[in-house]
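Just below is one structure, and these are the notes that go with it.
Numbering (this note's numbering), first residue to last: 10 to 225.
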């Protein structure tokens with residue numbers, strides 16, 4: 010059974026806090042490809058730069074590792090975009106099993122997602138728990154987690170969907186908000202403290218003067 014992993018997000022911009030824990034997780038579950046999937050419209054938060062810029066930055070971020078690729082299917086779907094609809098479309102276009110990566114904070118809020126109860130009809134959820142953080146999902150998720158969680162990676166490879174796997178991943182203290190703030194505050198070309206950013210992404214931000222005014 011072929012498996013692909015997907016990490017969704019606004020990627021505004023994509024940074025190592027997204028990529029490094031996800032690559033660690035990819036090794037952990039023994040999967041060979043990870044799609045970075047920029048969302049078309051985020052229902053819960055605004056996007057500071059154009060879709061075209063976010064796509065180009067994702068493509069540049071994918072140059073970091075040969076296992077990464079840009080997964081752009083959500084951008085072709087009607088607005089607003091919802092994860093369950095995107096996963097449904099992915100399954101219609103590909104026979105692969107999908108492991109959908111989310112952070113623990115997303116899990117805590119998953120009951121606010123559109124038709125969240127159907128997510129496991131189309132994928133396995135793989136949850137990135139940051140090392141050192143307390144894992145405290147809301148009590149309203151307890152019965153759902155107990156019914157669906159697994160510690161057996163083999164289940165991801167032998168079942169097409171339906172599992173929730175919780176994995177401790179290395180903490181990488183990167184923040185898109187802090188990166189955007191750093192760019193808007195600087196008067197010279199952006200340089201990595203911003204060791205948080207892949208170099209090609211930092212270069213692209215500099216070249217196109219992103220996050221420096223509201224016209225981006």
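Beta carbons are placed, not taken as given, at the ideal position from N, Cα and C, and that holds for glycine.
As a quick exercise: from the options, pick the residue whose alpha carbon is nearest that of residue i.
{"i": "residue 38", "options": "218, 145 and 110", "result": "110"}
{"i": "residue 120", "options": "61, 211, 152 and 100", "result": "152"}
{"i": "residue 108", "options": "155, 41 and 122", "result": "41"}
{"i": "residue 30", "options": "89, 16 and 85", "result": "16"}
{"i": "residue 155", "options": "76, 163, 47 and 171", "result": "171"}
{"i": "residue 91", "options": "117, 78 and 47", "result": "47"}
{"i": "residue 19", "options": "65, 221 and 165", "result": "65"}
{"i": "residue 104", "options": "150, 115, 124 and 169", "result": "169"}
{"i": "residue 116", "options": "139, 146, 142 and 97", "result": "146"}
Would residue i and residue j be called neighbours here (beta carbons separated by less than 8 Å)?
{"i": "residue 219", "j": "residue 58", "result": "yes"}
{"i": "residue 23", "j": "residue 70", "result": "yes"}
{"i": "residue 128", "j": "residue 93", "result": "yes"}
{"i": "residue 136", "j": "residue 113", "result": "yes"}
{"i": "residue 26", "j": "residue 183", "result": "yes"}
{"i": "residue 12", "j": "residue 106", "result": "yes"}
{"i": "residue 163", "j": "residue 173", "result": "no"}
{"i": "residue 49", "j": "residue 84", "result": "yes"}
{"i": "residue 74", "j": "residue 34", "result": "no"}
{"i": "residue 10", "j": "residue 181", "result": "no"}
{"i": "residue 118", "j": "residue 63", "result": "no"}
Taking buried to mean at least 16 other C-beta atoms within 10 Å of its own C-beta, is residue i buried or exposed?
{"i": "residue 133", "result": "buried"}
{"i": "residue 199", "result": "Any reading at residue 199 needs caution, since the residue's pLDDT is 48, under 50, leaving its predicted position unreliable; the model's value is listed next. With 16 or more Cβ atoms within 10 Å of its Cβ, residue 199 is classed as buried."}
{"i": "residue 202", "result": "Confidence at residue 202 is low in this model, with a pLDDT of 49, below 50, so the placement of that residue should be treated as unreliable; the coordinate-derived value is given next. It counts as exposed."}
{"i": "residue 14", "result": "buried"}
{"i": "residue 72", "result": "exposed"}
{"i": "residue 148", "result": "exposed"}
{"i": "residue 80", "result": "buried"}
{"i": "residue 126", "result": "exposed"}
{"i": "residue 68", "result": "buried"}
{"i": "residue 36", "result": "exposed"}
{"i": "residue 185", "result": "buried"}
{"i": "residue 224", "result": "Low confidence applies here, because residue 224 scores a pLDDT of 48, under 50, leaving its location unreliable; read the following figure in that light. Exposed."}
Name, in chain order, the residues that DSSP records as bridge partners for residue i.
{"i": "residue 158", "result": "173"}
{"i": "residue 133", "result": "108"}
{"i": "residue 216", "result": "In DSSP, residue 216 forms no bridge with anything."}
{"i": "residue 77", "result": "43"}
{"i": "residue 17", "result": "46"}
{"i": "residue 127", "result": "DSSP, once it has assigned bridges, lists no residue as partnering residue 127."}
Does the CB of residue i have a neighbour CB from chain B at under 8 Å?
{"i": "residue 220", "result": "Structure shown: chain B not included; a single protein chain is present."}
Quiz item: Given 8 Å as the limit, is there contact between the stretch 174-193 and the stretch 42-49, that is, 3 or more CB pairs closer than that?
Solution: These segments do not touch.
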